[in-house]
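In this note's numbering, the protein residues as written are 988 to 1343.
Below: one structure, written as structure tokens.
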């Protein structure tokens, strides 16, 4: 019996040691973060992944353009809840448990923008490790990803107000207080975005070439900055006691800045003028349709040419591939479009700001 117990104990010890050695073996072909940022080609794919979180405003069923009540659009909902999500929200068909176009977790056609922020942080932490890139290239790619991080944060603030700012990348050894972060004041969020943008702009190309269409350059960055400052100065975010006077954190402090600050408009105007100046210096201008009208509109052009020309200018602004008013193009190919001309996040920026 004693011999049996000794034998069993030996077998258990051998098995435990063997299991430990077996479990410590790293499987072949395991991809590590270091592998993703080994060469420029691999880093390029990582850069593309960071861009992939841009919401699909080009898609009829995913666009936020249909959220407003000025859009009538199609009425054929049928039974597919994936159709015309913006109009469903506008008509009161939103869901609390699984929001349409949810940017917080990426529910119901939305993009998971916190994952986008995480992707940006991973990129920024590892891009310096690429061995076949020049320093200038690395700085420019970093600047693009900083702009994406600022833009994703702006979309979150626009949708949800105070949000969590992931200013430090979580690590396996991170403590709970580093992982479970509180929502930050809206003004803190705006300041964080603007800091990222101001760091990024000097390292960006002034105007990207045709081979890199859709990537962020200084024209895009300054347009985004102007838009963010414009929202920050607006009555919705600037001293809005009517709606947010009782929106307080756990310490009883307001999430929104409740004191109206007119100087925010001065910052916005300066940024808008700077954005327009650099855009026009690089050939951007208000769109004018110059080709022949479609055959079915020619009679209408003969009878009412001025109004039809205005109609064509407005219609073709978002349909004419890579036209002169386009500031930031969305260049991902999808099955609807093989020409890469999809709608842009900063669409019609010059036209709106000139008029304003």
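Even glycine gets a Cβ: it sits at the ideal position worked out from N, Cα and C.
Listed in chain order, the non-local C-beta contacts of residue 1130 below 6 Å within the same chain comprise 1187, 1190, 1191, local neighbours out to five positions each way being set aside. Shown here, residue 1235 sits in a strand according to DSSP, grouped into three states.
Shown here for residue 1236: same chain residues with a beta carbon closer than 7 Å to its own, the five before and five after excluded, namely 1242 in chain order. The DSSP-derived three-state label of residue 1086 is coil. As computed with DSSP, residue 1241 is found in a beta bridge with 1235. Counting of Cβ neighbours within 10 angstroms places residue 1238 among the exposed residues, the total staying below 16. C-alpha of residue 1314 to C-alpha of residue 1259: approximately 13 Å in a straight line. Distance check between residue 1276 and each of 1262, 1253, 1312, 1290 places 1312 closest, using alpha-carbon atoms only.
Shown here, residue 1306 sits in coil according to DSSP, grouped into three states, outside any helix or strand. In the DSSP assignment, residue 1265 falls within the unbroken alpha helix (DSSP H) covering 1250–1268. Contact annotation, residue 1040 with residue 1089: C-beta distance approximately 13 Å; criterion of less than 8 Å not satisfied. A direct Cα-Cα distance of roughly 42 Å separates residue 1028 from residue 1055. Per DSSP, reduced to three states, the secondary structure at residue 1219 is helical. DSSP places residue 1314 outside both helix and strand once states are collapsed to three, so it counts as coil. At a Cβ-Cβ threshold of 8 Å, residue 1210 and residue 1309 do not count as neighbours.
In this structure, the beta-carbon distance from residue 1206 to residue 1179 does not fall below 8 Å. For residue 1301, the three-state secondary structure derived from DSSP is helix. Rounded to the nearest angstrom, the Cβ distance from residue 1166 to residue 1157 is 6 Å, consistent with a contact under 8 Å. The alpha-carbon separation between residue 1268 and residue 1274 amounts to approximately 15 Å.
Excluding its 5 nearest sequence neighbours in each direction, residue 1140 has C-beta neighbours in its own chain below 6 Å: 1180, listed in chain order. Contact holds between the region 1093–1102 and the region 1068–1085, because three or more Cβ pairs, one in each stretch, are under 8 Å apart. Using a Cβ distance threshold of 8 Å, residue 1038 and residue 1111 do not count as a contacting pair.
No Cβ-Cβ contact shorter than 8 Å links residue 1138 with residue 1091.
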